[in-house]
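Structure record follows, encoded as structure tokens.
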Amino acid sequence: MTERLRLNNAVIKYGDISAVDGVTLSAKAGEMIFITGSNGSGKSTLVKGIAGLIPLSSGTLVRASRMSYVPQYEDADRDFPARVREIVLTGTQRPGKLFASRSDRERAESAMKSLNIYGLSDKEIRTLSGGQLRRVFLARAICGNPELLLLDEPCAGLDALSHETLFGILRGLLADGCAVVMVTHDISDIDGIPEGRVIRISHGKISQDISHGGLNHE
Ligand SMILES: Nc1ncnc2c1ncn2[C@@H]1O[C@H](COP(=O)(O)OP(=O)(O)OP(=O)(O)O)[C@@H](O)[C@H]1O
Ligand SMILES: [Mg+2]
Numbered sequence: 397m398t399e400r401l402r403l404n405n406a407v408i409k410y411g412d413i414s415a416v417d418g419v420t421l422s423a424k425a426g427e428m429i430f431i432t433g434s435n436g437s438g439k440s441t442l443v444k445g446i447a448g449l450i451p452l453s454s455g456t457l458v459r460a461s462r463m464s465y466v467p468q469y470e471d472a473d474r475d476f477p478a479r480v481r482e483i484v485l486t487g488t489q490r491p492g493k494l495f496a497s498r499s500d501r502e503r504a505e506s507a508m509k510s511l512n513i514y515g516l517s518d519k520e521i522r523t524l525s526g527g528q529l530r531r532v533f534l535a536r537a538i539c540g541n542p543e544l545l546l547l548d549e550p551c552a553g554l555d556a557l558s559h560e561t562l563f564g565i566l567r568g569l570l571a572d573g574c575a576v577v578m579v580t581h582d583i584s585d586i587d588g589i590p591e592g593r594v595i596r597i598s599h600g601k602i603s604q605d606i607s608h609g610g611l612n613h614e
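Spelled out as structure tokens, the structure:
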């Protein structure tokens, strides 16, 4: 099956400290990987490394080129004068592409509808609540039609309905062959996806890697 991610013996350092310390991880098309672990264990650093936002100090990374990433904290400039629709549409942009096409606009609309933010399309992002802004960034990520989706604590600040909506969207993406890597503190999140792997990170290393679900399906 097609591989969406292969990370081999990755080390990521801040100064002399290895926040990620020799992680080997791969994800196939349609595979769900939950990353869990205590505060400061290196989960966000790992995902940022996979996203290409922080360079690996050593090791190798190969990943699908169509990748979307939703950070743990939106360090977006809230005063940036942009409307919801414009932010979501940027998720369809790729290097070398000049304008959003009609199908890009349709995908952005459908992502906004599926995350119940279509009614906010014309609002400026500075006027949104935290949970609404999170849904804008999720819509931005999914309308890029990703082959690899990286989500860092995507459920933080989401109400129960938005949480269930997100998991419905993820099940659809997985069925279409997207690999999803999700950092979560809430282990009950794994119940939202029928099959997956749960990887625990401790002090920058994988301390546990277990499969859940699908064991009786062969
Ligand atoms: N920009 C940075 N500069 C220096 N050290 C950092 C930086 N970002 C994170 N760290 C350190 O790297 C380690 C891992 O941080 P990271 O944010 O990856 O943890 P985390 O597992 O995502 O934690 P949390 O559950 O709180 O989100 C921590 O010790 C943290 O203090
Ligand atoms: Mg984190």
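First residue of the sequence shown: 397, per this note's numbering; consecutive thereafter. By construction, the Cβ of each residue, glycine as well, lies at the ideal position given by its N, Cα and C atoms.
Reduced DSSP category for residue i - H, G, I as helix; E, B as strand; rest coil
i	result
E399	strand
A496	coil
I513	coil
I583	helix
I521	helix
I538	helix
G600	coil
A575	strand
A504	helix
V418	Before going further, note that residue 418 is Gly rather than Val in the sequence given. G418: strand per DSSP, three-state reduction.
G588	helix
Y410	strand
N- and C-terminal bounds of the alpha helix (DSSP H) containing residue i
i	result
G564	556–571
Classification of residue i by the beta-carbon crowding that lies within 10 angstroms, buried from 16 upward
i	result
R474	exposed
L362	Residue coverage of the chain in this structure runs from 397 to 614, which leaves residue 362 outside it and unanswerable.
E502	exposed
A507	buried
P477	exposed
L570	buried
L421	buried
G492	exposed
R498	exposed
D500	buried
F430	buried
T398	exposed
A556	exposed
L566	buried
P542	buried
T488	buried
L442	buried
L546	buried
Y469	exposed
Residue interval of the beta strand (DSSP E) (run including residue i)
i	result
G553	Segment: none, G553 is in no beta strand (DSSP E) and carries neither H nor E.
| Those runs of the alpha helix (DSSP H) which lie wholly inside the stretch 428–495 and span at least 4 residues | 439–447, 480–485
| message | Tell me which residues pass a beta-carbon proximity test against ligand 2: closer than 7 Å to any heavy atom, given in chain order. | response | K439, S440, Q468, D548, E549, V579
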